[in-house]
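Below: the structure, in structure tokens.
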Amino acid sequence: MEMKFYFIFVLTFQLFLATRAIYDGRRAKISEIPYIVLIKNARIYCSGALISNRHVLTAAHCLRKSKTVTVTIGTNTYFENDEENPYAMVIKSNKTWMHEKFSLPSAVYDIGIIELPKNVTFSKSVRPLKISTKRNVENDFNDLEVISAGFGYPENSAGPSTFLLYARLKLISLKECKKFKEYYIEDLNQDHICISSIRGQPCDGDSGSPVISTKTRELIGIISYIKDAENGVDISFNDCQSIVPAVATRVSSYLDWISEKTGLKFVSNKN
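Numbered according to mature numbering (1 follows the signal peptide of the UniProt record, and there is no 0), the sequence shown spans residues -21 to -1, 1 to 250.
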């Protein structure tokens, strides 16, 4: 049986965005999630996380199709004219990196970096997110509560959400996630983390969104893809309530690569 999986970026179609946002998400204040970044790349809309005053971490597949990307920082709406958030910035960048080993249709090495042309000024609405340095492959964050946030359509909406949405979610072990292996295009490995669908989950439009531990407030994952099928049958494009866990790239697996591209230094934590 031929199976398909879907990266969860957003494609603009005429005047509308063909997307869905984090299912069962709540409206977020930018001061609560000041590291969130909206990424516009040709017709692709994704999210990312500010990790320094000059670098944004996102999914590699969000950086395809165009040599120049536009990032919006310091706002909880995808509209560029944001009078409610005076610290909002819209910045164009032509310096990006996709991991050298990333190649579709595989979702392995789905991590990318945007370098901004100049340093951004931090404020209550613009703050970098600390990256978790836990490298222990046995620690797969089973049952850990996390936050993820992104831009897109709310469930059952005819149009895009005006505001950034976030949700509290739970991770599951790779062992548990592999019970759904028939829905994935490839085997999962220690460089992945899985998000349970019980509390809701990321959907189309949430690619590149950060996955943050509620305990440490550290970045542990980048949303990569979902399998949009149930029991071997493709479900409606308007249905975010798939039983299949979403898959994220485990950021601590790529600390050396991030350091190489950005110059950022990390103190390794083997726990």
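Backbone N, C-alpha and C fix where the C-beta goes; we use that ideal spot for every residue, glycine too.
No experiment lies behind these values; they were computed from the predicted model shown.
For this session: Indicate, with yes or no, if the ligand FMN has a heavy atom lying under 6 Å from the CB of F101.
Result: With respect to small molecules bound, the structure shown includes none, and the ligand FMN cannot be examined in it.
Exercise. Where does D185 land, buried or exposed, given buried means 16+ other C-beta within 10 angstroms?
Worked result: Within the sequence shown, residue 185 is the residue found at index 206, counting from 1. That one is buried.
Exercise. Which stretch, first to last residue, makes up the beta strand (DSSP E) that contains I151?
Worked result: Counting from one through the sequence shown, the residue named residue 151 turns up at place 172. Start and end: 144 to 151.
Problem set entry | Same chain, Cβ closer than 7 Å to R6, neighbours up to 5 away in sequence not counted | Residue mapping note: residue 6 aligns to position 27 of the sequence shown, counting from 1. Around R6: F142, L144.
Exercise. With respect to the beta strand (DSSP E) encompassing S127, which residues constitute its N-terminal and C-terminal limits?
Worked result: In the sequence shown, the residue the question calls residue 127 occupies position 148. Residues 124 to 129.
Problem set entry | For T49, the nearest candidate out of I92, E11, A86 (CA to CA) | Reading the sequence shown from its first residue, position 70 is the one you call residue 49. Selected option, being the one with the closest Cα: I92.
Exercise. Since L36 is in the beta strand (DSSP E), which residue starts that stretch and which ends it?
Worked result: Looking up residue 36 in the sequence shown gives position 57. Unbroken beta strand (DSSP E) run through L36: 34 to 37.
Exercise. Hey, how far is the Cα of C156 from the Cα of V226?
Worked result: Position 177 of the sequence shown, counting from 1, holds the residue named residue 156. Position 247 of the sequence shown, counting from 1, holds the residue named residue 226. If you take the alpha carbons of C156 and V226, they lie about 9 Å apart.
For this session: Classify T241 as helix, strand or coil using the three-state DSSP reduction.
Result: As a first step, residue 241 must be located in the sequence shown, where it is residue number 262. It is helical.
For this session: Please state if the CB of P96 and the CB of I30 are separated by a distance shorter than 7 Å.
Result: The residue labelled residue 30 in the question sits at position 51 within the sequence shown. The residue labelled residue 96 in the question sits at position 117 within the sequence shown. It is not a contact, given that the beta carbons lie outside the stated cut-off.
Exercise. Whole-angstrom Cβ separation of P224 and I151, contact assumed at under 8 Å?
Worked result: Translated into positions along the sequence shown, residue 224 becomes position 245. Translated into positions along the sequence shown, residue 151 becomes position 172. Right, the Cβ-Cβ distance comes to about 6 Å (below 8 Å), so this counts as a contact.
For this session: Decide if P65 is buried, meaning its Cβ has at least 16 other Cβ atoms within 10 Å, or exposed.
Result: Residue numbering aside, residue 65 sits at position 86 when the sequence shown is read from its first letter. Per the 10 Å Cβ criterion, exposed.
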